[in-house]
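>
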Amino acid sequence: MMNEERAKTKWCPFVRTTVFVKSHNPKGYVPPAHNRAMMEDGSITNGKGFCCIASDCMAWQWIDPDQEWAGSNENRRGKCGLAK
Numbered sequence: 823m824m825n826e827e828r829a830k831t832k833w834c835p836f837v838r839t840t841v842f843v844k845s846h847n848p849k850g851y852v853p854p855a856h857n858r859a860m861m862e863d864g865s866i867t868n869g870k871g872f873c874c875i876a877s878d879c880m881a882w883q884w885i886d887p888d889q890e891w892a893g894s895n896e897n898r899r900g901k902c903g904l905a906k
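In structure tokens:
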């Protein structure tokens, strides 16, 4: 359980993307979706585009859903509804 700002710094295993790098793809096939990206130098990244989107995700669950928060959710805590 954490606030949204902290959640947005965490890697999400459910993110999927395709990365098309021409130098690694001479035959022009479409690569499968991955949850990390391979960079031109061959290194693997799970950068900012692979992080949690917190309450913008349909699976996000607020810990206190009935509590009213005036103005800001800064201290309101939640969690990924897909994680145990």
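Position in the sequence shown (first residue = 1) + 822 = the working numbering. Note that beta-carbon positions come from the ideal geometry of N, C-alpha and C, so glycine has one too.
1) For chain C, check one thing: does any of its Cβ atoms lie closer than 9 Å to the Cβ of tryptophan 884?
2) Comparing alpha-carbon positions, which option in Met880, Asn897 and Phe836 lies nearest aspartate 886?
3) For phenylalanine 836, count neighbouring C-beta atoms within 10 Å of its own C-beta (all shown protein chains included) and say buried if the count is 16 or more, exposed if not.
4) Between Lys830, Asn825 and Met824, which lies nearest to phenylalanine 872 when the distance is taken from Cα to Cα?
5) Can you check which of these residues, Lys906, Arg899 and Leu904, is closest to asparagine 825 by C-alpha distance?
The relevant details are as follows:
1) Chain labels in this structure do not include chain C; a single protein chain is all it has.
2) Residue mapping note: residue 886 aligns to position 64 of the sequence shown, counting from 1. Considering only alpha carbons, the answer is Asn897.
3) The residue labelled residue 836 in the question sits at position 14 within the sequence shown. The residue is exposed, with fewer than 16 neighbouring Cβ atoms inside 10 Å.
4) Sequence index remark: in the sequence shown, residue 872 carries index 50 (1-based). Minimum Cα distance to phenylalanine 872 is reached at Lys830.
5) Counting from 1 along the sequence shown, the entry for residue 825 is found at position 3. If we check each option's Cα against that of asparagine 825, Arg899 comes out closest.
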